[in-house]
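Scroll down for the structure; my scribbles are underneath it.
Residue numbers (the numbering used here): 2 to 65.
So this is what it looks like as structure tokens:
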């Protein structure tokens with residue numbers, strides 16, 4: 002969201018963001034913009050790890 006500064010009325014200025022990362026009380030609350038992890042997300046993580054292992058094996062075989 003943008004607003005117009007009172008001092009420089011011709012230049013748009015980005016609205017200041019609240020600094021919630023420094024507030025330790027808010028750290029244990031989940032990010033409101035984050036969505037819950039689905040089974041598809043977990044499956045994709047597993048596939049990514051398997052592909053990384055396979056590519057590492059292939060690279061090692063190519064080097065030898």
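Positions of the beta carbon are idealized from the N, C-alpha and C atoms, including for glycine.
Query: C-alpha distance - residue 53 paired with residue 38, whole-angstrom precision; Result: 21 Å
Query: Residue 34 versus residue 45 - alpha carbon distance; Result: 21 Å
Query: Proximity test, residue 48 beta-carbon vs the ligand HEM heavy atom, cut-off 6 Å; Result: In the structure shown, the ligand HEM is absent, as is every other ligand, since no ligand is present at all.
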